[in-house]
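Undergrad:
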Amino acid sequence: MFKKIPYIVFLFSSICYSQLSNKHWLPPLHCRDAASVADHYLYISTQETTPFEINITDGAGNPIGNNPYVISASTPLTVDLGFGQNTKMFVGQENVNIVLNNRGVIVEGTKDFYVSFRVRSQNHAEILVSKGKPGIGTSFRLGHIINESFDNRKSFVTSVMATEDNTSVNLTNNLTNGFEFEHSNEQFPINNIILNRGESYVLAARADKASANRAGLIGTLISSDKPIVVNTGSANGSFGTGGARDYGIDQIVDLSKVGKEYIFVKGNGENSYENVLVVVHEDNTEIFVNGDSKVTRNAGEYYIVEGDQFINNNMYVNTSKDSFVYQGIGGTTSEANQGMFFVPPLSCGSRGDVDNIPQIDKIGTLTFTGGITIVTKENSEVLINGDDLSSQPGSVNITGPTSVTAKNSYVTYKVTGLTGNVSVSSSDELYVSYFNLNGAAASGSFFSGFASNPSLDLNLSATKLGSCISEAGTSNIELSVSNNGNFDSV
183 MFKKIPYIVF
193 LFSSICYSQL
203 SNKHWLPPLH
213 CRDAASVADH
223 YLYISTQETT
233 PFEINITDGA
243 GNPIGNNPYV
253 ISASTPLTVD
263 LGFGQNTKMF
273 VGQENVNIVL
283 NNRGVIVEGT
293 KDFYVSFRVR
303 SQNHAEILVS
313 KGKPGIGTSF
323 RLGHIINESF
333 DNRKSFVTSV
343 MATEDNTSVN
353 LTNNLTNGFE
363 FEHSNEQFPI
373 NNIILNRGES
383 YVLAARADKA
393 SANRAGLIGT
403 LISSDKPIVV
413 NTGSANGSFG
423 TGGARDYGID
433 QIVDLSKVGK
443 EYIFVKGNGE
453 NSYENVLVVV
463 HEDNTEIFVN
473 GDSKVTRNAG
483 EYYIVEGDQF
493 INNNMYVNTS
503 KDSFVYQGIG
513 GTTSEANQGM
523 FFVPPLSCGS
533 RGDVDNIPQI
543 DKIGTLTFTG
553 GITIVTKENS
563 EVLINGDDLS
573 SQPGSVNITG
583 PTSVTAKNSY
593 VTYKVTGLTG
603 NVSVSSSDEL
613 YVSYFNLNGA
623 AASGSFFSGF
633 ASNPSLDLNL
643 SATKLGSCIS
653 EAGTSNIELS
663 VSNNGNFDSV
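In this note's numbering, the protein residues as written are 183 to 672.
#1: Give a yes or no on whether the C-beta atoms belonging to Leu282 and Ser298 are separated by under 8 Å.
#2: Verify whether the separation of the beta carbon atoms of Ile253 and Ala344 is less than 8 Å.
#3: Please determine, among Lys559, Ile566, Pro540, Arg214, the residue with the shortest C-alpha to C-alpha distance to Ser256.
#4: Any idea which residues DSSP pairs Thr594 with across the strands?
#5: How would you call Asn450, buried or exposed, if buried means at least 16 neighbouring beta carbons within 10 angstroms?
#6: What distance in whole Å lies between the Cβ atoms of Ser337 and Ala242, which are believed to be in contact at a cut-off of 8 Å?
#7: My guess is that Val435 and Pro316 are in contact by the Cβ rule of under 8 Å, so how many angstroms apart are they, rounded?
#8: Could you pull the start and end residues of the beta strand (DSSP E) that Ala386 belongs to?
#9: How many whole angstroms separate the CB atoms of Leu324 and Thr414, which I take to be in contact at a CB cut-off of 8 Å?
#10: Please report the distance separating the alpha-carbon of Thr549 from that of Tyr223.
#11: Tell me, please, which residues DSSP counts as bridged to Asp262.
#12: In whole angstroms, give me the CA-to-CA distance for Phe523 and Ile327.
#13: For Gly631, tell me which candidate among Ala588, Thr555, Gly401 has the shortest Cα-Cα distance.
#14: Which residue spans inside the region 241–308 form an unbroken beta strand (DSSP E) run of at least 3?
#15: Please report how far the alpha carbon of Thr269 lies from the alpha carbon of Ala394, in whole angstroms.
#16: Can you give the Cα-Cα distance for Asp610 and Glu563, rounded to whole angstroms?
#17: Only counting runs of 3 or more residues, tell me where the beta strand (DSSP E) segments fall wholly within the region 458–544, in order along the chain.
#18: Only counting the same chain, and skipping five residues up and downstream in sequence, which positions put a Cβ closer than 7 Å to that of Ser438?
#19: Within a Cβ cutoff of 7 Å, which residues of the same chain sit near Ile580, ignoring the five residues on either side of it in sequence?
#20: Would you say Thr345 lies against chain D (beta-carbon separation less than 8 Å)?
#21: Report yes if the CB atom of Ala307 is closer than 8 Å to the CB atom of Tyr429, and no otherwise.
#22: Report the residue from Gly274, Phe322, Val287 whose alpha carbon sits nearest the alpha carbon of Val261.
#23: Considering only their Cβ atoms, is the gap separating Phe265 from His212 smaller than 8 Å?
#24: Apart from the five residues just before and just after Arg285, which ones in its own chain have a Cβ nearer than 7 Å to its Cβ?
#25: Leaving out five residues on either side along the sequence, give the residues of the same chain with a beta carbon under 6 Å from the beta carbon of Asp535.
#26: What residues match up with Asn579 in a beta bridge as DSSP calls it?
#27: Rounded to a whole number of angstroms, what is the C-alpha to C-alpha distance between Ala387 and Asn352?
#28: What does the alpha-carbon distance come out to for the pair Arg300 and Ala481?
#29: In the DSSP output, what is His206 paired with across the bridge?
#30: Which residues in the same chain as Asp407 place their Cβ atom closer than 6 Å to its Cβ, once the five residues preceding and following it in sequence are excluded?
#31: Can you tell me where the beta strand (DSSP E) with Ala136 in it begins and where it stops?
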């Protein structure tokens, strides 16, 4: 008679649940309106209490600043990357649609850390949070702000960086013609862009150059035969119908890390630009909003959910197949205060603390109004800077917990008035975005939520000590596992 072997349980000590990583890749960007590109910086932080070294280079390996830098939980780092559109992170029109070998930024360290890129000008700002290792992949769908009004200062930008030599990158789109790139006569499909490790390629287009440019890049499939990193968005643009504009750029993740369920927290803007952009990857994908079926879309198509679909400042969107989802968000009721960021799907693997967001109220020397949004499970304990929400200073304003329509096992919070370094923890799933605002400049991005499966590198062997498997309590089989994986015990 056969006996069942009891389950083997591995206890993991390290699961990648957010943008914490020991290596970050940031492809360069382009903005049509050079006056919108002023100071820009790297903000680097970690939850590690013991100081450790990191190195910052461009794509070609040239050092940026005084390597090695030393960081710890109590000593985050700010690195000035320069001013204007001729730096490691910004390129001018003459450098779009060509291979670049000494642009972009690579940050490496011996332990895990966060990297966010922040840029500002007098009237615009943006925060792009590196996704670290979860951001590396081979299949991506692009999104950007849809421009309801045309302006020769509005533009779209997408950039890729290779992580390995001899990487082939391809772009395909449902458009057959009509889209016009900046500084290039190329048309879709764009095939076989060859990049070596650290090399980048920046694609840009003016919103007003052709009618197809209004939304033509949305849904574009970027695929590669080796892992790459992708940034996408608008610099500048607007979901609204007026003439105002702002940045809306983020680093996105590969198809393997998107999902079917998403929760959104409304910002402080008007319905016209508080939009959700759903980009579909497979044919016959049905899209639901707050539990109601809305539309069906095919691969490479998209659907805009307008801001009037928020209920109590929340929105739940689910799709029948994995999709890429972006959120347009407003800082105020002025259309000039808006942004766009990539949104993580709901996942039981999205657990752990965000420790920490450095200088939430700063971009360089300029002070912003800082805040966060939180999505977590109902009845979860939420702490900010180690203290319960009820114990926050009087200067901190908290809205929530607010139940989510059609997904009431989740709640949301909006917290404003935060300054300095900010840590957030929850006893369950945790999705944290942060935003800041100064005058006409607003920006934001997610600091957590893009979960990766833990690495399991097992060398499992079994030794038979008899012909049969014994009853529980006796031992005639020995199991041994070499500890190459990230787990504590068996």
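C-beta: ideal position from N, C-alpha, C; glycine also. Model, not experiment: these values are computed from the prediction.
TA: Reading it off the structure:
#1: Within the sequence shown, residue 282 is the residue found at index 100, counting from 1. Within the sequence shown, residue 298 is the residue found at index 116, counting from 1. It is not a contact, given that the beta carbons lie outside the stated cut-off.
#2: As a first step, residue 253 is located in the sequence shown; it is residue number 71 there, counting from the start. As a first step, residue 344 is located in the sequence shown; it is residue number 162 there, counting from the start. No.
#3: Taking the sequence shown and counting its residues from 1, one reaches residue 256 at position 74. Looking at the Cα atoms, Pro540 is the closest of the given residues.
#4: Residue mapping note: residue 594 aligns to position 412 of the sequence shown, counting from 1. In DSSP, Thr594 forms a bridge with Val557, Thr584.
#5: Taking the sequence shown and counting its residues from 1, one reaches residue 450 at position 268. Buried, since its Cβ has 16 or more Cβ neighbours within 10 Å.
#6: In the sequence shown, counting from the first residue as 1, residue 242 sits at position 60. In the sequence shown, counting from the first residue as 1, residue 337 sits at position 155. At roughly 26 Å, the Cβ-Cβ gap does not stay under 8 Å, so Ala242 and Ser337 are not in contact.
#7: Taking the first residue of the sequence shown as position 1, residue 435 is located at position 253. Taking the first residue of the sequence shown as position 1, residue 316 is located at position 134. With 8 Å as the limit, Val435 and Pro316 qualify as a contact, their Cβ atoms being about 6 Å apart.
#8: Locating residue 386 in the sequence shown gives position 204, counting from the first residue. Unbroken beta strand (DSSP E) run through Ala386: 382–388.
#9: Here residue 324 refers to the residue found at position 142 when the sequence shown is read from its first residue. Here residue 414 refers to the residue found at position 232 when the sequence shown is read from its first residue. In this structure, Leu324 and Thr414 form a Cβ contact; the two beta carbons are roughly 5 Å apart against a cut-off of 8 Å.
#10: Indexing the sequence shown from 1 puts residue 549 at position 367. Indexing the sequence shown from 1 puts residue 223 at position 41. Distance from the CA of Thr549 to the CA of Tyr223, rounded to the nearest whole angstrom, comes to 14 Å.
#11: What you label residue 262 is simply residue 80 of the sequence shown in a count that begins at 1. Per DSSP, Tyr223.
#12: The residue given as residue 523 occupies position 341 in the sequence shown. The residue given as residue 327 occupies position 145 in the sequence shown. Rounded to whole angstroms, the separation of the alpha carbons of Ile327 and Phe523 is 10 Å.
#13: For this step, residue 631 is matched to residue 449 along the sequence shown. Each of Ala588, Thr555, Gly401 was checked against the Cα of Gly631, and the nearest Cα belongs to Thr555.
#14: Taken in chain order, the complete beta strand (DSSP E) segments of 3 or more residues contained in the region 241–308 are 251–253, 259–265, 287–302.
#15: Position 87 of the sequence shown holds residue 269. Position 212 of the sequence shown holds residue 394. Cα-Cα distance, rounded: 30 Å.
#16: Translated into positions along the sequence shown, residue 610 becomes position 428. Translated into positions along the sequence shown, residue 563 becomes position 381. Going by the C-alpha atoms only, they are around 8 Å apart.
#17: Complete beta strand (DSSP E) runs here, min 3: 458–462, 467–471, 474–479, 484–487, 496–512, 520–524, 536–539.
#18: The count along the sequence shown starts at 1 and reaches residue 438 at position 256. Apart from the 5 residues on each side of it in sequence, Ser438 sits with its Cβ closer than 7 Å to the Cβ of Gly319 in its chain, given in chain order.
#19: Taking the first residue of the sequence shown as 1, we reach residue 580 at position 398. The beta carbon of Ile580 lies closer than 7 Å to those of Leu571, Gln574, Tyr595, Val597 in the same chain, with the five residues before and after it left out.
#20: No chain D is part of this structure, which consists of one protein chain only.
#21: Along the sequence shown, one-based indexing puts residue 307 at 125. Along the sequence shown, one-based indexing puts residue 429 at 247. Yes.
#22: For the purposes of this step, residue 261 is identified with residue 79 of the sequence shown, where counting begins at 1. Closest option to Val261, Cα to Cα, is Val287.
#23: Within the sequence shown, the letter at position 30 stands for residue 212. Within the sequence shown, the letter at position 83 stands for residue 265. With respect to Phe265, His212 sits apart: the two C-beta atoms are not nearer than 8 Å.
#24: In the sequence shown, the residue the question calls residue 285 occupies position 103. Same-chain partners within the cutoff: Pro210, Asp240, Gly241, Lys270, Val273, Ser382.
#25: For the purposes of this step, residue 535 is taken as residue 353 along the sequence shown, with counting starting at 1. Same-chain partners within the cutoff: Ser607.
#26: The residue given as residue 579 occupies position 397 in the sequence shown. Looking at the DSSP output, Asn579 sits in a beta bridge with Thr598.
#27: If you number the sequence shown from 1, residue 387 lands on position 205. If you number the sequence shown from 1, residue 352 lands on position 170. Rounded to the nearest whole angstrom, the C-alpha separation of Ala387 and Asn352 is 17 Å.
#28: Sequence index remark: in the sequence shown, residue 300 carries index 118 (1-based). Sequence index remark: in the sequence shown, residue 481 carries index 299 (1-based). About 32 Å.
#29: Taking the first residue of the sequence shown as position 1, residue 206 is located at position 24. Per DSSP, Val289.
#30: For the purposes of this step, residue 407 is identified with residue 225 of the sequence shown, where counting begins at 1. Ser350.
#31: What the structure shows of the chain is the stretch from 183 to 672, and residue 136 is not part of that stretch, so it cannot be assessed.
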